[in-house]
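K.L.:
Under the working numbering, the final residue of the sequence shown carries the number 272; numbering is consecutive throughout. What follows is a single structure, and I will ask about it in a moment.
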Amino acid sequence: MKEAEDIEEQWTPRTELGRKVKEGEITSLSEILEQGKRPREVEIVDELVPDLEDEILNVNLVQRMHRSGRRMSFRVTAVVGNRDGIIGMAHTSAGEVAPSIQKAISSAKLNVIQIRRGCGSWECGCGRPHTVPCEVTGQEGSVSVNLKPAPRGLGIAASEIPRKVLELAGIEDIWTKADGQTRTTINFGLATFDALKQTTKIALSGSASKNVVYGKVGGESE
51 MKEAEDIEEQ WTPRTELGRK VKEGEITSLS EILEQGKRPR EVEIVDELVP
101 DLEDEILNVN LVQRMHRSGR RMSFRVTAVV GNRDGIIGMA HTSAGEVAPS
151 IQKAISSAKL NVIQIRRGCG SWECGCGRPH TVPCEVTGQE GSVSVNLKPA
201 PRGLGIAASE IPRKVLELAG IEDIWTKADG QTRTTINFGL ATFDALKQTT
251 KIALSGSASK NVVYGKVGGE SE
């Protein structure tokens, strides 16, 4: 706890949003995202979503030929989430493994979104936010990922990469279908992330919008 307090004291905000967060004028990530703004400092996300978890999906050694010889770098794909509707993902490169991992995690934090969840399965109707509110599809490169609402208790019917992304997003039950070069971890993960992003863009009306909730962040009440 003392270490966390020391880090907070050392943080000197570089943006107006950062200043408002540190001074307590903004207490929820929702306030930022709902205004169409993006956090530009990792400390903002750390402050507002302290329970954020991170997962490294893939680390690849990339070699490129240059005039001066062969250059190597490490490409890392990382995903962060609070298992309750907040999810972020990014992939970055650096010359060494440790800096690459930290850079990817930081970039994923700056890329967080707040998804919508609900009970969109006609087989269930429990009214709890355990799956996606409707069928959505995400695309990245040659890979497309389709997410379909599933009844409560089914679990996550997906392979390893989308499973990790969906779990950190707080999805408990889902049907998935993927097409394209799914062996490419970056595109596979980003297509899943894009599908989750679609839940915030689709307009729901009538019964479809009932019991739909956004992710919870920080100290938001039930």
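Glycine residues also receive a C-beta, built at the ideal position from the N, C-alpha and C atoms.
#1: Using a Cβ-Cβ cutoff of less than 6 Å, which residues in the same chain neighbour ALA228 once the five nearest sequence positions on both sides are dropped?
#2: Return the residue from the list LEU218, LYS251, ILE211, ILE221 that minimises the CA-CA distance to GLY239.
#3: Rounded to the nearest angstrom, what separates VAL126 and GLN164 at their Cα positions?
#4: VAL162: which of VAL99, GLY145, CYS174, THR142 sits nearest, CA to CA?
#5: Taking ILE224 as part of the beta strand (DSSP E), name the residues at either end of that continuous run.
#6: Rounded to whole angstroms, how far is the Cβ of ARG167 from the Cβ of PRO183, which I believe are closer than 8 Å?
#7: Quick check on DSSP: helix, strand or coil for MET51?
#8: Which of the three DSSP states is assigned to SER143 in this structure?
#9: Looking only at DSSP bridge pairs, what is ALA128 linked to?
#10: To the nearest angstrom, report how far apart LYS52 and LYS153 are at their CA atoms.
#11: Look up GLU190 in the DSSP assignment and say whether it is helix, strand or coil.
#12: Between the C-alpha atoms of VAL215 and ALA241, what's the straight-line distance to the nearest angstrom?
#13: Can you grab the Cα-Cα spacing for the pair ASN132 / ASP96, in whole Å?
#14: If you draw a straight line from the alpha carbon of ILE57 to that of GLU103, how long is it in whole angstroms?
#15: What is the DSSP secondary structure of THR181, counted as helix, strand or coil?
#16: Could you tell me which of ILE106, ARG90, LEU79 sits nearest to LEU160, measuring between CA atoms?
#17: Evaluate HIS116 with the Cβ neighbour count: other Cβ atoms within 10 Å of its Cβ, from every protein chain shown; 16 or more gives buried, anything less gives exposed.
#18: Use the C-beta contact count for GLU66: other C-beta atoms within 10 angstroms, 16 or more gives buried, fewer gives exposed.
#19: By Cβ distance below 8 Å, which residues in the same chain neighbour SER257 in space, the five residues on each side in sequence not counted?
P.N.:
Answer, in terms of the structure:
#1: VAL195
#2: ILE211
#3: 23 Å
#4: VAL99
#5: 224-229
#6: 7 Å
#7: Any answer about MET51 is weak, because its pLDDT of 44 lies below 50 and its placement is not dependable; what the coordinates show is given next. Residue state, collapsed to three classes: coil.
#8: strand
#9: ILE106, ALA140
#10: Only weak support exists for where LYS52 lies, its pLDDT of 46 falling under 50; the coordinates are left without a value.
#11: strand
#12: 10 Å
#13: 11 Å
#14: Only weak support is given to the placement of ILE57: the predicted model assigns it a pLDDT of 48, under 50, and the value that follows is read from those uncertain coordinates. Taking the straight line joining both Cα atoms gives about 18 Å.
#15: strand
#16: ARG90
#17: exposed
#18: exposed
#19: Because the pLDDT at SER257 is just 48, under 50, the model does not fix this residue reliably, and the value given afterwards should be weighed accordingly. Within the same chain, SER257 has no close Cβ partners at all.
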